[in-house]
Structure formats: structure tokens, C-alpha cells
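S.K.: There's a structure below that I have some questions on.
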Amino acid sequence: MVDITFMLNVVMKQRQFKSQEHSAEPSESMVRRLNDWQPDVLVVYASMGRLLADEQLAGRLQIAPQAVMVGSEVLTTETRRRIEQAWGSSVFNNYAATEGMMAVECEQHRGMHVMEDLVLVENVDQDNQPVPPGVFGDKLLVTPLYKHTQPLIRYVIEDRVRFSGEPCPCGRPFKLIDAIEGRVQAVLSFPKAGGGEVSIHPLFFHSLLDLFPVSGWQVVQETNGLHILLAQVHAPLDDSQIESQVQNALMAQDAVVSLIQVHRVDTIPQTIAGKAPLVKSNLARELH
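Numbered by the numbering used here, the letters in the sequence shown go through residues 356 to 643 in order.
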């Protein structure tokens with residue numbers, strides 16, 4: 356079992372390795388430098404952790420981290436499985452924003468403990484009223500306790516999360532986040548059969564796309580329909596069958612989509628911050 360205090364101490368002695376600009380693919384230089392350095396703890400975006408795990412499984416990357424910390428993107432079950440397969444080490448999910456670290460998994464992996472001695476996190480509905488444990492909120496109100504020069508008080512982060520109503524077996528008293536649906540901005544809206552709109556959350560696409568033999572995927576909503584990017588397909592896949600599968604799943608949710616199209620790509624494009632969001636909409640937000 357990895358000692359959490361040791362892990363965080365190691366993280367403080369860190370080096371940063373960047374992928375090629377706006378590329379979600381680990382470069383040969385990054386792999387070589389990681390092989391040279393042999394990190395004890397790997398701290399990565401979830402999408403890059405999956406790609407580095409593929410490099411390890413292919414034999415090009417040869418490191419043996421005692422733990423892997425991932426964050427900034429949704430950690431899917433398949434990404435966690437692949438990382439654990441590559442290194443046989445514990446994967447610790449963490450939840451943070453530009454405003455600071457908010458929660459991290461313990462060795463029990465039952466969810467992420469809110470760092471309540473450092474930050475206050477309120478899970479609320481659209482009217483800023485608290486929601487009970489076991490229910491997804493519409494946003495978070497975050498108050499870091501250590502920002503004295505420029506305080507943030509009840510700063511809005513539009514993430515849908517759920518707090519657990521059960522204590523963690525580890526014995527820590529801090530509240531536990533047991534599920535994250537992601538940013539409200541990542542929720543896609545479609546015309547609803549019979550009128551109105553229907554909202555589709557990012558987790559809907561995980562169950563459809565996570566198990567495909569690809570190095571990564573992304574769903575992009577454009578004005579003409581839905582575009583599914585599949586990176587580095589490792590085995591035969593029928594694009595038309597995937598399109599039909601997604602179409603049928605959306606129809607079961609009463610969502611009307613004029614076009615669903617699969618695109619084969621070398622890499623999933625990153626944002627300027629280096630993230631590779633799994634689901635995004637390029638439509639004007641007034642649709643919501």
C-alpha cells in the first residue's frame with residue numbers, strides 16, 4: 356500500500372514533461388526523459404495517463420511508479436484499468452481547479468475526500484441551496500481558506516458532483532465525493548422528440564465508447580450534428596455500426612440528432628491548457 360504522505364512529499368520534488376504543443380500524443384522525447392528520470396510518482400491528466408500506459412504496455416516506456424495521480428479530466432473506469440494494467444500500481448484520482456486542490460482519493464478508492472481543512476466546498480442546486488448526500492448538485496460554491504491576498508468566497512464552479520452519505524473505511528472524517536458527472540458546459544443539449552430539449556451528460560458516452568480499442572476518443576457537437584473522433588484504432592471497427600449504436604442510444608433518450616459521423620484521427624486535439632476533453636460542444640451556449 357502506498358503511504359499518502361510519502362506520495363505527496365515526492366510530488367513536491369517534481370519535474371514537468373510537456374507533450375508537443377496542442378498534441379495529445381506523448382513525444383519520443385517525453386518517453387526518453389521519463390525513462391531516464393524513473394519517477395516514483397506520475398502526476399498526469401487522465402487522457403495522458405492512458406496514452407503513457409499504452410506506451411508502457413507497448414514496451415517503449417519503461418518506468419515503475421509507485422503510484423499514479425490523475426486529475427483535471429474525468430477518470431473513466433477503462434482508463435483506470437489500463438493504467439493499473441501498465442504499472443500494477445495504485446491510481447489516485449484528484450479533483451482540482453485553477454482555484455486550487457479540492458479533493459483526492461485515499462487508499463480505499465471509495466471516492467475523493469474533500470480537503471475541508473483547506474477549502475470549503477458546498478454542493479448546491481441552481482438556487483444555491485444545499486443538496487443532500489446521494490444527490491447530484493448543479494454547481495459547487497468553493498471557498499479556499501488559504502488565499503489571503505485575493506480571497507475567493509463561494510466561488511462558482513459549474514461541476515455536477517455527488518457527495519456520499521457513507522463514511523469512508525479509512526477513518527478520515529472529511530466528506531467524500533463519490534461521483535462526478537463533469538462540467539455543466541460539457542452537457543450536450545439536443546432537440547427532444549415531441550418538442551423541447553433533452554440534456555445528455557458526458558457519462559452517457561463513456562458507456563458507449565470506453566471499451567473500443569482506441570488510444571482516445573472525443574465527442575464534438577457541431578451545428579450539423581455529432582462528430583466522434585477515434586484516435587489510433589488498434590483493431591477492426593465498423594464506423595457505420597458505431598454511428599448506428601450511438602444514434603440508437605440517443606433515440607432511447609428521446610434526443611433527435613440529424614447527423615452522427617465517426618472520424619479516424621492520429622491524436623485527440625488538446626486545448627491550450629493541454630487538456631483533451633472527452634465531450635465538448637461548439638454550439639452557442641444560449642441553446643441552454
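Glycine residues also receive a C-beta, built at the ideal position from the N, C-alpha and C atoms.
Treat the numbers as computed from the prediction; the structure is a model and nothing was measured.
Pick helix, strand or coil for Ser-636, following the three-state DSSP scheme.
M.R.: Along the sequence shown, read from residue 1 onward, the residue named residue 636 stands at position 281. In the structure shown, Ser-636 sits in a strand (DSSP, three-state: E or B).
S.K.: Kindly indicate the opening and closing residues of the alpha helix (DSSP H) around Met-403.
M.R.: One-based indexing of the sequence shown puts residue 403 at position 48. From DSSP, the alpha helix (DSSP H) with Met-403 extends over 401 to 413.
S.K.: Does the separation of the CB atoms of Leu-614 and Leu-581 fall below 8 Å?
M.R.: Counting from one through the sequence shown, the residue named residue 614 turns up at place 259. Counting from one through the sequence shown, the residue named residue 581 turns up at place 226. Yes. Within cutoff.
S.K.: How big is the Cα-Cα spacing for Leu-543 and Asp-391?
M.R.: Translated into positions along the sequence shown, residue 543 becomes position 188. Translated into positions along the sequence shown, residue 391 becomes position 36. Between Leu-543 and Asp-391, the C-alpha separation is close to 43 Å.
S.K.: As an exercise, report each continuous alpha helix (DSSP H) stretch of at least 4 residues that is fully enclosed by the stretch 568 to 607, in chain order.
M.R.: As far as the stretch 568 to 607 is concerned, its whole alpha helix (DSSP H) runs of at least 4 residues are 594 to 607.
S.K.: Expressed to the nearest angstrom, what Euclidean distance is found between the alpha-carbon atoms of Ser-378 and Thr-453?
M.R.: Residue numbering aside, residue 378 sits at position 23 when the sequence shown is read from its first letter. Residue numbering aside, residue 453 sits at position 98 when the sequence shown is read from its first letter. Any answer about Ser-378 is weak, because its pLDDT of 47 lies below 50 and its placement is not dependable; what the coordinates show is given next. Approximately 21 Å between the Cα atoms of the pair.
S.K.: Distance, Cα to Cα, Asp-482 vs Asp-609?
M.R.: Here residue 482 is taken as the residue at index 127 of the sequence shown, counted from 1. Here residue 609 is taken as the residue at index 254 of the sequence shown, counted from 1. About 27 Å.
S.K.: For the alpha helix (DSSP H) containing Thr-498, list its first residue and its last residue.
M.R.: Taking the first residue of the sequence shown as 1, we reach residue 498 at position 143. No alpha helix (DSSP H) holds Thr-498; the beta strand (DSSP E) holding it covers 494 to 499.
S.K.: Classify Tyr-450 as buried or exposed, calling it buried when 16 or more other Cβ atoms lie within 10 Å of its own Cβ.
M.R.: The residue you call residue 450 lines up with position 95 of the sequence shown. Burial call: buried.
S.K.: When DSSP labels each residue in this structure, what does Thr-360 get in the three-state scheme?
M.R.: To locate residue 360, count along the sequence shown from 1; it is residue 5. Because Thr-360 sits at a pLDDT of 43, beneath the cut-off of 50, its placement in the model cannot be relied upon, and the following sentence gives the value as read from the coordinates. Note: Thr-360 maps to helix in three-state DSSP.
S.K.: Measuring only the C-alpha atoms, how far is Leu-592 from Ala-413?
M.R.: As a first step, residue 592 must be located in the sequence shown, where it is residue number 237. As a first step, residue 413 must be located in the sequence shown, where it is residue number 58. When rounded, the distance between both Cα atoms is 21 Å.
S.K.: Can Val-497 and Val-469 be called in contact, C-beta distance under 8 Å?
M.R.: Within the sequence shown, residue 497 is the residue found at index 142, counting from 1. Within the sequence shown, residue 469 is the residue found at index 114, counting from 1. No, these two residues do not count as a Cβ contact at 8 Å.
S.K.: Which value, in whole angstroms, describes the spacing of the CA atoms of Thr-578 and Leu-473?
M.R.: Working through the sequence shown from its first residue, we reach residue 578 at position 223. Working through the sequence shown from its first residue, we reach residue 473 at position 118. Spanning the two alpha carbons is a distance of roughly 42 Å.
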